[in-house]
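Peer 1: There's a structure below that I have some questions on.
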Amino acid sequence: MERLAAAALREEVLLTPKPGLVDQSNTGAHLDMDLPLFKRSIAAIVPWFSRFTALGYHYAALPAGEIMTRIRPVGLACEQAMFAATGGVNTHKGGVFSLGLLCTAAGRLSGRLQPLTREGLCDEVAAMCARLVTTELAGCRRAATVGEHLFQRYGMTGARGEAVSGFATVRRYALPAWDRLKADGADDRIIMLHCLLLLMAYNPDTNLVSRGGLPGLNYVQRYARRLLTCGWDLSGLRQMDEALIAFHLSPGGSADLLAVSYVLAHLPL
């Protein structure tokens, strides 16, 4: 699983063109990030994935609700390794969270001699994270993070909510399209770009809201849906990239879900 998670990060950042995001052409809507920085971040993060898997395996017999407290120190240490590699820039905090959960879930399934399937992994993640929104967002009296602020203001649950749902947005939109395009013989780049557009069209991306408010989120969602409806091409994605850069909008949450999609798409149903 850790190899898939590492490949997901590498394939996501190299995918080009990605509207508003760092890729091989430009730095997207970011002034503090570029491709070499992302590569350093990935190199720092990847060694930790095996630790998530090992912890999941070690605690396979524990109730799912007790797992988050066991893996949180590893998640924080992984984040610190990322920040050390990037000089304090948050390149992959969402990826550490989501992919760390998948690796932990994979370890738990293996520890119970259960097959690694999309459904099994997503169900395990949902079980591990069942109380995240109520304990970390709804139970927060004073917002200290962007995620807590957006929950209090808009009721948006962000990456936590997606984990609680067992990555419902990925399973509903990205994976069916990935499977269909793969069966039709589309190449991996086209598949990933199409799935990124789908995620941008339907994911309530808190990264966009933190940068552009609800109008920013609505703008990106409408733009992505229009491309999907009319038929997109690389030129259209480059134009969207220019538009999102002009408005300083970066769909980073959808980029994280694309990495999740990559992992799950390479597993059996």
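Numbering (my numbering) for the sequence shown: 5 to 273. We treat Cβ as the ideally placed atom computed from N, Cα and C, and that holds for glycine.
Would you kindly check if the distance between the Cβ of Thr161 and the Cβ of Val137 is under 8 Å?
Peer 2: The answer is yes: Cβ separation under 8 Å.
Peer 1: When DSSP labels each residue in this structure, what does Arg135 get in the three-state scheme?
Peer 2: Here Arg135 sits in coil by DSSP.
Peer 1: If we count Cβ pairs, one from each stretch, closer than 8 Å, do we get three or more for the stretch 234-244 versus the stretch 84-100?
Peer 2: No, the stretch 234-244 is not in contact with the stretch 84-100.
Peer 1: Using a Cβ distance threshold of 8 Å, determine whether the stretch 15-32 contacts the stretch 247-263, with at least three qualifying pairs required.
Peer 2: The answer is yes - the stretch 247-263 touches the stretch 15-32, with three or more Cβ pairs under 8 Å.
Peer 1: Whether or not the stretch 216-230 and the stretch 167-177 are in contact is what I'm after, with contact meaning three or more pairs of Cβ atoms, one per stretch, closer than 8 Å; do they touch?
Peer 2: Flag = no, the stretch 167-177 and the stretch 216-230 do not touch.
Peer 1: With C-beta atoms as the reference, is Leu202 less than 8 Å away from Tyr177?
Peer 2: Yes, the pair counts as a contact, with Cβ atoms nearer than the cut-off.
Peer 1: Hey, Met132 and Ile71 are a contact pair by Cβ (cut 8 Å); roughly how many whole angstroms apart?
Peer 2: About 5 Å separates the two Cβ atoms, so the contact holds.
Peer 1: Could you pull the start and end residues of the alpha helix (DSSP H) that Ser114 belongs to?
Peer 2: Here the alpha helix (DSSP H) through Ser114 covers 97-115.
Peer 1: Three-state secondary structure (DSSP) at Pro67?
Peer 2: Correct three-state label for Pro67: coil.
Peer 1: Thinking C-beta only, is Gly60 closer than 8 Å to Arg135?
Peer 2: Not a contact, by the Cβ cut-off of 8 Å.
Peer 1: Classify Ala263: buried if its beta carbon has 16 or more other beta carbons within 10 angstroms, exposed otherwise.
Peer 2: Buried is the call here.
Peer 1: In whole angstroms, what separates the C-alpha of Ala110 from that of Pro77?
Peer 2: Near 18 Å, if we compare the C-alpha coordinates of Pro77 and Ala110.
Peer 1: Take the Cβ of Arg122 as the centre, count every other Cβ of all protein chains shown within 10 Å, and call the residue buried at 16 or more, exposed below.
Peer 2: Per the 10 Å Cβ criterion, buried.
Peer 1: Who are the Cβ neighbours of Cys107 in its own chain at under 8 Å, not counting the five residues just before and after it?
Peer 2: Only Met5, Glu6, Ala9, Phe53, Ser54, Phe56, Thr57, Gly60 meet the Cβ criterion.
Peer 1: Restricting to runs no shorter than 4 residues, where is the alpha helix (DSSP H) found entirely within the stretch 209-260?
Peer 2: Those alpha helix (DSSP H) runs which fall completely within the stretch 209-260 and span 4+ residues are 210-234, 238-250.
Peer 1: Compute the Euclidean distance between the alpha carbons of Arg112 and Leu103, then round it to the nearest angstrom.
Peer 2: So the two alpha carbons sit approximately 14 Å from each other.
Peer 1: Which of the three DSSP states is assigned to Ala205 in this structure?
Peer 2: If DSSP states are grouped into helix, strand and coil, Ala205 belongs with the helices.
Peer 1: Give me the Cα-Cα distance between Thr233 and Gln118, rounded to the nearest whole angstrom.
Peer 2: Their Cα atoms are separated by approximately 40 Å.
Peer 1: Please go through the stretch 11-90 and give each complete alpha helix (DSSP H) segment of 4 or more residues, from N-terminal end onward.
Peer 2: With a minimum length of 4 residues, the continuous alpha helix (DSSP H) runs that stay inside the stretch 11-90 are 39-62, 71-90.
Peer 1: Excluding sequence positions up to five away, which residues of its chain have a Cβ less than 6 Å from the Cβ of Ala64?
Peer 2: Within the same chain, Ala64 has close Cβ partners Arg112, Gly115, Arg116.
Peer 1: Does DSSP put Gly162 in a helix, in a strand, or in coil?
Peer 2: The answer is helix: DSSP assigns Gly162 an H, G or I state.
Peer 1: Excluding five sequence neighbours on each side, which residues of the same chain lie with their C-beta closer than 6 Å to the C-beta of Gly220?
Peer 2: For Gly220, where only same-chain residues beyond five positions count, the Cβ hits under 6 Å are Leu212, Leu253.
Peer 1: Determine the DSSP secondary structure at Thr121, reduced to helix, strand or coil.
Peer 2: In the structure shown, Thr121 sits in coil (DSSP, three-state: anything other than H, G, I, E or B).
Peer 1: On a CA-only basis, which of Arg74, Asp36, Leu125 is nearest Leu268? Give me that one, please.
Peer 2: Closest option to Leu268, Cα to Cα, is Leu125.
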